[in-house]
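Here the sequence shown is numbered in my numbering, starting from 152 and rising by one per residue.
A short write-up of the structure that comes next.
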Amino acid sequence: MRYELFDGPDTNSPLIGEPFSGTNLPFPVSSNGCVTINFISDNNVALEGFDLYWEAIISPPINPIISLPNPPSCSTNVLLIELDQNIHCDSVATALINVGGQLNQIVNATAINCVNDSTNTIELNLPPGLNESGLSVLISNFC
């Protein structure tokens with residue numbers, strides 16, 4: 152029995168180390184998200200197979216820096232928000248965004264300019280509009 156480890160979704164991906172066999176265990180393996188195991192058996196030994204133990208360590212995403220490309224006026228009812236990095240379009244959720252001031256503002260968030268489920272622009276619709284003076288705070292969480 153021997154096996155090979157590949158850093159990717161199939162055996163055309165880069166080989167990690169040399170082929171392993173018997174009790175020759177691989178060193179701790181790190182990949183970019185996907186590992187393929189090519190298990191090769193022979194007729195010399197009839198055993199049940201192998202045990203595999205793995206652990207995935209995933210770093211939490213870094214929240215993007217938010218900017219407003221166009222300063223809002225008091226009568227604004229649409230705000231465009233730009234992010235310093237792309238996020239998945241389906242991760243934009245109205246429930247995660249709050250605009251506050253003198254009055255609690257209704258907010259509807261929509262990802263715009265999505266390409267391959269990725270964008271760095273969010274449109275906030277603020278009915279009936281920002282028509283009261285006061286300090287507004289934008290709170291968001293993108294994961």
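Even glycine gets a Cβ: it sits at the ideal position worked out from N, Cα and C.
Alpha carbon to alpha carbon, what distance is there between Glu155 and His239? 34 Å
Just to confirm before moving on: does the CB-CB distance between Asn271 and Glu233 stay below 9 Å? yes
Span of the beta strand (DSSP E) holding Tyr330? Because the chain in this structure spans residues 152 to 294, residue 330 falls outside the shown range and cannot be described.
Only counting the same chain, and skipping five residues up and downstream in sequence, which positions put a Cβ closer than 7 Å to that of Ala262? Cys240, Val243, Thr270 and Ile273
Measuring only the C-alpha atoms, how far is Asn228 from Phe157? 52 Å
Using alpha carbons as the reference points, say which of Tyr204, Pro177, Gly184 and Phe171 lies closest to Ile191. Phe171
Applying the 10 Å Cβ sphere with the 16-neighbour rule, what's the burial state of Leu176? exposed
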